[in-house]
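Per the numbering used here, the very first residue in the sequence shown carries number 316; after that it's consecutive. Glycine included, C-beta positions come from ideal geometry on N, C-alpha and C. This structure is a prediction, so every number in the text was calculated from the model and none was measured. Worksheet: the structure to be examined is printed underneath.
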Amino acid sequence: MAKSNKAKARQPANRLWGGRFKTGPAEAMERINASIGFDQRLWRQDITASRAHCRMLISRKIIPARDGKAILKGLDAVWKEIESGRFHFRTALEDIHMNVEDRLTTLIGDAGGRLHTARSRNDQVATDFRLWVRDAVDGIEARLADLQAALIGRAREHAATIMPGFTHLQTAQPVTFGHHLLAYVEMFGRDRGRMRDARARMNECPLGAAALAGTSFPIDRKMTAKELGFDRPMANSLDAVSDRDFALEFLAAAAIASGHLSRLAEEMVVFSSERFRFLRLSDAFSTGSSIMPQKRNPDGAELVRAKTGRVMGALTALSVVMKGLPLAYSKDMQEDKEPVFEGADTLALTLEVMTGMVADMTVNAEAMRAAADGAFSTATDLADWLVREAGLTFRQAHHVSGRIVRLAEEKNLRLDQVSLADMRSVEPRITKDVFGVLGVERSAASRVSEGGTSPARVRKAIAAAEKRYLGGRRKKAL
Ligand code: ARG
């Protein structure tokens, strides 16, 4: 190790900043310093921002138009090389910015050296990265909308499908499966909102902040901001080069969305298990066991559940990188990219898999209904009836209903199978009308309050969700 470090240390210094240096870096230093292995993903953003910067330098007569044109042509050539996979990325050139600039200068000669006028890698990377995160936000939002469309499609099919609603994972009250799915539509709707909020806040341009203090050249920051689709230049040069809150906000929104995905994935694992049999995940998203031939494992759902750890980890990683950094730029910030790439890639993949699983799953309405029917899920309806029809206070009614449940349990009966005589032995004010509210369909249908589970409400909620979340989108036939 030490030997190779020394050997490398005798390398010539870097041609882009080597004036100050006698020798190049140690081999281990080169490895810890280089980001090209991952930041090459910023190449489109880097060249796009360089084009905007170059056009501004020409228009403000900061560089000769002739050189500017050569730079723009050279950047086109570099773009093509990278796009076609012919570009040779070099670790010795550290990052995407120096790889592009070095190649540009090789292609067009000295004029290439004018591109970096009135700019620093600090405002350059901040700009490139904002552009990348902005695209990632748009991509994630579109995938969230795809998932909502799939959920809404299945909710429409199951607006009246009865299932047990749970609290503490104990049967609570009958709900409709459509209603259950729409709960996730709302969660993913807020996730989209968080993405949009983050986008609006991040859409200011750092370019022109230069290293940290601004520049003495007569640049036009409004021009570059506009060309790059930003709303305005960032107000403070120190802030522009040294905060990564936009990336943190994206990761925070991504972590919350991943948490939602993970909950839905967990339910898929539980609901597709042999004990529940509410759902069957399609072959496309299940796997078999190498030893147990009967097994169908919900690996897709399990991996969606597990990969949440990566996204949440990415948020933690970048939060820790950023805490305690003094103004302005520090090289620590180079560690911003991998967590963001990891978070964005993972969330995109898990959203895609979840959308496929939701669209493909088979729903076992009979098993859902039977489960709802079997666990005294209408005990609250009985209590409510006692309040409404027999004049009991809710507390008294709760007690009476509880005693009738105990009686049913002892006799191994469903609530609606307990005889009227037995019920009246507990509370004489009960009449045969009570049986009208003990069925699971009636129970669900009675929950007509706003946001409630009745099929009529659910159908209205579907129409509202389509309007609110899918807007102009073509309704997916699922
Ligand atoms: N690769 C660097 C990064 O991602 C670019 C900025 C380097 N700036 C510097 N002053 N060394 O952060």
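Option in the options with minimal Cα separation from residue i
| i | options | result |
| --- | --- | --- |
| E781 | A525, K376, I467 and R718 | I467 |
| S552 | A580, T482, C520 and L372 | C520 |
| D675 | E617, D598, M607 and P743 | D598 |
| I378 | H494, A426 and V619 | A426 |
| L522 | R436, I373 and G689 | R436 |
| Q649 | Y499, G400 and Q439 | Q439 |
| G529 | A441, T482 and R434 | R434 |
| A690 | V655, N727 and D660 | N727 |
| A524 | P654, G624, T442 and A663 | T442 |
| S557 | R449, W332 and K638 | K638 |
Neighbour-count burial assignment, residue i, 16 or more Cβ in a 10 Å radius
| i | result |
| --- | --- |
| L635 | Checking the displayed sequence, the identity of residue 635 turns out to be Val instead of Leu. By the neighbour-count rule (16 or more Cβ atoms within 10 Å), V635 is not buried but exposed. |
| E681 | exposed |
| M413 | buried |
| T746 | exposed |
| S286 | It is not possible to answer for residue 286, since the shown part of the chain is limited to 316 through 793. |
| E725 | exposed |
| H483 | exposed |
| A580 | buried |
| K376 | exposed |
| A643 | buried |
| F709 | exposed |
| R381 | exposed |
| V763 | exposed |
| H403 | exposed |
| Q732 | exposed |
| R335 | exposed |
| A550 | exposed |
| E398 | exposed |
Residues of its chain near residue i, where Cβ-Cβ distance is below 8 Å and the 5 sequence neighbours each way are ignored
| i | result |
| --- | --- |
| G766 | R772 and A776 |
| N679 | R592, F593, L594 and R595 |
Check: residue i C-beta below 7 Å from any heavy atom of ligand 1
| i | result |
| --- | --- |
| D285 | As shown, the chain starts at 316 and ends at 793. That puts residue 285 outside it, with no answer to give. |
| S557 | no |
| H368 | no |
| Y644 | yes |
| H431 | no |
| M637 | no |
| R405 | no |
| D361 | no |
| R445 | no |
| D560 | no |
| N437 | yes |
| E781 | no |
| E409 | yes |
| S552 | no |
| Q485 | no |
| S588 | no |
| V448 | no |
| V440 | yes |
Residues near residue i by beta carbon distance below 6 Å, same chain, minus five either side
| i | result |
| --- | --- |
| L422 | G389 and A392 |
| D506 | L459 and A572 |
| P489 | I477, A687, S692, V755, S758 and A759 |
| V752 | D696 and W700 |
| A712 | A698, L701 and V702 |
| N518 | F545 and D546 |
| T670 | D461, L462 and A465 |
Beta carbon of residue i nearer than 8 Å to that of residue j
| i | j | result |
| --- | --- | --- |
| N612 | S605 | no |
| R721 | L633 | no |
| I362 | L408 | no |
| A694 | L730 | yes |
| Y784 | V452 | no |
| S342 | T406 | The displayed chain sequence assigns Glu, not Ser, to residue 342. It is not a contact, given that the beta carbons lie outside the stated cut-off. |
| R516 | E564 | yes |
Own chain partners of residue i with C-beta closer than 7 Å, once the 5 adjacent residues on each side are dropped
| i | result |
| --- | --- |
| L662 | I455, A569, A572, S573 and V626 |
| N348 | P340 and E409 |
| M683 | T476, I477, M478, F492 and F593 |
| A367 | T539, E542 and L543 |
| G383 | C369, L372 and I373 |
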